[in-house]
Amino acid sequence: SQTIHQWPATLVQPVGSPLSLECTVEGTSNPNLYWYRQAAGRGLQLLFYSVGIGQISSEVPQNLSASRPQDRQFILSSKKLLLSDSGFYLCAWTTGVGEKLFFGSGTQLSVL
Amino acid sequence: GNSVTQMEGPVTLSEEAFLTINCTYTATGYPSLFWYVQYPGEGLQLLLKATKADDKGSNKGFEATYRKETTSFHLEKGSVQVSDSAVYFCALSPVAGGTSYGKLTFGQGTILTVHP
């Protein structure tokens, strides 16, 4: 069966520090991968998606970047965190034409 | 652009009470509509879906009907249980197939707490 792992579960970082959140999927190949963020009091917002290794599409301009170095690995990064980067980050995957997203358990990021 | 608006929470109910969580949307064309649920400590998971007008999605006693005339997809359950306590997200996806299926637009989520 397929599983998705996301870590860490919580993270507290100072402003200006770097960020790296990792997500891996097991039990499937060539998934579409997604990073979503939920800021306080707002809905989930799609940040990045990837349909293959090295292929990244950004949905909103921001201080973050994403990379996909391997088929089932998706990384969210920042060189210098801002206060506004605080939020709940969720990784998700689906098959090429699937309508059902499978989510990780999320990372609560607090930038202080 | 697309948007989803959910009723503000949190919602607190007693066990066996009737539940309604309102959801309205704005979208061009004919989107697919979803309800996702996040139980404590877990990731979001699909609860139910509807892909065209007048479709009714149902799962685990929950139901939602795709109402194009009112652009709504309200979630209902006749008798809630303590185990239904979770965060519920309404979402839509443009019906374009392919990778756009993962590009969902979510509402802000509604926290439901059910007391014994």
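As given, the protein sequences belong to chains A and B, one line each in that order.
At position 58 of the first sequence (counting the first as 1) the number is 59 in the numbering used here, and the numbers step up by one without a gap.
At position 91 of the second sequence (counting the first as 1) the number is 525 in the numbering used here, and the numbers step up by one without a gap.
Where is the CB? At the ideal position from N, CA and C, for every residue including glycine.
- Setting aside the 5 residues that flank it on each side, I5/A is surrounded in the same chain by C24, T25, V26, E27, C92, A93, W94, F103, F104, G105, each with a C-beta closer than 8 Å to its C-beta; the list follows chain order.
- For T458/B, the enclosing beta strand (DSSP E) stretches over residues 457-460.
- With fewer than 16 other Cβ atoms from the protein chains shown falling within 10 Å of its own Cβ, S517/B counts as exposed.
- In this structure, the beta-carbon distance from V548/B to V514/B falls below 8 Å.
- Against chain B, a Cβ distance below 7 Å from K101/A picks out L480.
- Pairing Q71/A with I54/A gives a Cβ-Cβ distance under 8 Å.
- Straight-line spacing of the CA atoms in E442/B and W469/B works out to 16 Å.
- Taking the CA atoms as reference points, D489/B sits about 42 Å from S79/A.
- Residue pairing for Q109/A: DSSP places it in a beta bridge opposite T11/A, F89/A.
- Neighbourhood of E476/B in chain A, by CB distance below 8 Å: S106, in chain order.
- CA-to-CA, the gap between L65/A and T108/A works out to about 15 Å.
- Within its own chain, the residues whose Cβ lies closer than 8 Å to the Cβ of S506/B, once the five positions on either side in sequence are excluded, are N456, C457, T458, Y459, listed in chain order.
- DSSP, reduced to helix, strand and coil, places S448/B within a strand of the structure shown.
- Under the three-state reduction of DSSP, L34/A is assigned to strand.
- In this chain, the beta strand (DSSP E) harbouring G491/B covers 490-493.
- Q479/B and L22/A have their C-alpha atoms some 21 Å from each other.
- R38/A is classed as buried because its beta carbon has at least 16 other beta carbons within 10 Å across all chains shown.
- Residue pairing from DSSP places G53/A in a beta bridge opposite Q56/A.
- Beta bridge pairing from DSSP links T4/A with E27/A.
- By the neighbour-count definition (other C-beta atoms within 10 Å, threshold 16), T454/B is an exposed residue.
- Distance from the CA atom of T439/B to the CA atom of L82/A, rounded to whole angstroms, is 29 Å.
- Contact between S519/B and L538/B does not hold, since the beta-carbon distance rounds to 23 Å and is not under 8 Å.
- For the region 487-511 of chain B, no residue has a beta-carbon sitting nearer than 9 Å to a beta-carbon of chain A.
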